[in-house]
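Let me begin by presenting the structure, written as structure tokens, before commenting on it.
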Amino acid sequence: MIKKEDMPVCDVATTVQILGSKWKLLIIRDLIDGPKRNSEAMGTFV
Numbered sequence: 170m171i172k173k174e175d176m177p178v179c180d181v182a183t184t185v186q187i188l189g190s191k192w193k194l195l196i197i198r199d200l201i202d203g204p205k206r207n208s209e210a211m212g213t214f215v
């Protein structure tokens, strides 16, 4: 867990620190339109 005092002041920097890994951002991007089955989601990463 990230402590509040360790968080950057900038909102964009805070978001990047929380969602830091590229995989999290790719998964969120693909699920924004709604839920998908694993096979559907895996097809977007290949």
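Here the sequence shown is numbered in the numbering used here, starting from 170 and rising by one per residue.
Ideal Cβ placement from N, Cα and C applies to all residues, glycine included.
Quick one: measure Cβ to Cβ for D199 and T184, integer angstroms, because I've assumed they're closer than 8 Å.
Here residue 199 refers to the residue found at position 30 of the sequence shown. Here residue 184 refers to the residue found at position 15 of the sequence shown. That pair is no contact at about 18 Å.
I need the DSSP call for G212, collapsed to helix, strand or coil.
On the sequence shown, position 43 is the one that residue 212 refers to. Helix, per DSSP.
Within the continuous alpha helix (DSSP H) that includes K173, where are the two ends?
In the sequence shown, counting from the first residue as 1, residue 173 sits at position 4. No alpha helix (DSSP H) contains K173, which DSSP labels as neither H nor E.
Pick helix, strand or coil for K193, following the three-state DSSP scheme.
On the sequence shown, position 24 is the one that residue 193 refers to. Note: K193 maps to helix in three-state DSSP.
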